[in-house]
Amino acid sequence: MGERRVDLPVREGVAFDGERPVFETAKVPLYTILQYFLEGLTIEDFLSDYPTIDRASLERGIAYIILQLGYQPEVPEEFHW
Numbered sequence: 718m719g720e721r722r723v724d725l726p727v728r729e730g731v732a733f734d735g736e737r738p739v740f741e742t743a744k745v746p747l748y749t750i751l752q753y754f755l756e757g758l759t760i761e762d763f764l765s766d767y768p769t770i771d772r773a774s775l776e777r778g779i780a781y782i783i784l785q786l787g788y789q790p791e792v793p794e795e796f797h798w
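Counting along the sequence shown from 1, when you hit position 22 you're at 739 in this note's numbering, and nothing is skipped either side.
Have a look at this one:
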């Protein structure tokens, strides 16, 4: 998989191609990392194929995606207020 480098607007630490978030340091489209996961590959596989992306940037991008999808983890009852 090859890298795609373009100048894109950045909002909240994440670059956007239109409305599609990409990872800021290497401008990798969102669907690229999702494809890795769908193929059973790991974050380490992704980072070795895209050495211009550091782990912190990747984790921020993934966290942003999770927030945008509205993921709400199950919170154990003992942590409820």
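Beta carbons are placed, not taken as given, at the ideal position from N, Cα and C, and that holds for glycine.
Keep in mind it's a predicted model, so treat the numbers as computed, not measured.
Beta carbon of residue i nearer than 8 Å to that of residue j
| i | j | result |
| --- | --- | --- |
| Tyr753 | Asp762 | yes |
| Leu764 | Leu775 | yes |
Residue i burial status per 10 Å Cβ neighbour count (16 or more: buried)
| i | result |
| --- | --- |
| Gly778 | buried |
| Ile770 | buried |
Minimum C-alpha distance to residue i - residue among the options
| i | options | result |
| --- | --- | --- |
| Leu751 | Pro768, Ala773, Ile782 | Ile782 |
Whole alpha helix (DSSP H) runs in the segment 745 to 792 with 4 or more residues, listed along the chain?
747 to 755, 760 to 766, 772 to 786
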